[in-house]
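Structure first, commentary second.
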Amino acid sequence: MKKQVTALLSTLVLSTIAFVGTASAHVVVYPLEATQGSYEKFTVRVPTEKDIPTTKVKIEIPKDVEISRFEPKEGWKYELQKDSSGLITSVAWTATDAGLSPTEFGEFNMQGKVGDNAKKIVWKAYQTYKDGSTVAWEGPADADTPASITTVVKGNGVEGDSHVSATNETTSTNEATNNDSNTTLPTTLSIIALVLGIASLILSLRRKKQS
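One rule links them: number in our numbering = place in the sequence shown (from 1) + 86.
Below, the structure is given as structure tokens:
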């Protein structure tokens, strides 16, 4: 019985680790919150989830934000699409080298102005792998492949405040790292609590049988 309990606990723990890893491996655009009318640096974080490299990443630019600048990234080139008025509607980064291997993630930076009346920015992303397969990150929040969302809050009345912009740019990378930890931790703790509860129930049943 003891061996069975140990085996069951090991299986549950491994399943928990696998679940948490999968749940956090999404294409996400940071920051997760921005201010109306502000100028932001947006960071697109792309993890490779398959056993083959990621070779292309495309982001659709919604009307709630006007993107105008892109940071060069070694080993990648980018291509823009624009509408009839000249506004950028999408950007696609394509690897000029090996791309992102199965153990890697990449970050792609762009800069632009959040709409004065925007409430949220929905980023639809398309991740293409070396074999030509594409994952469309465009679903709702509870989907297996959700679109990343930046919530937009009201500003302080100063449109495009340069001090706010500078602060946001210097902290966006830190926010990206911290937000991954903050969103994953509650899920991890809940699953661990469930595992411990199951283990306690099994041990209780075992004592009853022995008595």
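All residues carry an ideal CB built from backbone N, CA and C; glycine is no exception.
What separation, rounded to the nearest whole angstrom, lies between the Cα atoms of residue i and residue j?
| i | j | result |
| --- | --- | --- |
| F191 | E135 | 9 Å |
| E165 | W179 | 7 Å |
| V221 | A181 | 16 Å |
| S234 | E224 | 8 Å |
| F156 | K240 | 25 Å |
| S124 | T231 | 28 Å |
| S171 | S187 | 38 Å |
| E119 | A229 | 21 Å |
| P139 | V151 | 30 Å |
| K149 | G198 | 12 Å |
| Y212 | K144 | 5 Å |
| T237 | H112 | 17 Å |
| K206 | K163 | 28 Å |
| G201 | I153 | 10 Å |
| L173 | Q167 | 8 Å |
| A204 | E126 | 14 Å |
| S219 | T189 | 18 Å |
| Y116 | V177 | 16 Å |
| H249 | P158 | Model confidence at H249 stands at a pLDDT of 39, short of 50, so the residue's coordinates are unreliable; what they give is reported in the following sentence. So the two alpha carbons sit approximately 24 Å from each other. |
Considering only the alpha carbon of each residue, which of the options lies closest to residue i?
| i | options | result |
| --- | --- | --- |
| R131 | V143, Y212, V114 and G225 | V114 |
| D169 | S219, I147 and D137 | I147 |
| K210 | T175, G185, K163 and E126 | T175 |
| P226 | K149, V208, L118 and T141 | V208 |
| T129 | F194, K142, K159 and D217 | F194 |
| N318 | Y215, H112, P158 and T121 | What the structure shows of the chain is the stretch from 87 to 297, and residue 318 is not part of that stretch, so it cannot be assessed. |
| K141 | K216, E126, P158 and P133 | What sits at residue 141 in the sequence shown is Thr, not Lys. Nearest C-alpha to T141: K216. |
| P133 | K159, Q167, W162 and G185 | G185 |
| E160 | G218, D183, P117 and Y116 | D183 |
| T214 | P117, M196 and D137 | D137 |
What is the DSSP secondary structure of residue i, counted as helix, strand or coil?
| i | result |
| --- | --- |
| E165 | strand |
| G225 | strand |
| K136 | coil |
| E160 | coil |
| S234 | strand |
| I145 | strand |
| V113 | coil |
| K127 | strand |
| S219 | coil |
| K206 | strand |
| S154 | strand |
Check for me: the beta strand (DSSP E) holding residue i runs from which residue to which?
| i | result |
| --- | --- |
| Q197 | F191 to V200 |
| Q213 | A211 to Y215 |
| I174 | I174 to A181 |
| A28 | Outside the shown range of the chain, which is 87 to 297, sits residue 28, and nothing can be said about it. |
Is residue i near the ligand GDP, with its Cβ less than 7 Å from a heavy atom?
| i | result |
| --- | --- |
| E146 | As presented, the structure is devoid of all ligands, the ligand GDP included, so that no description of it is given. |
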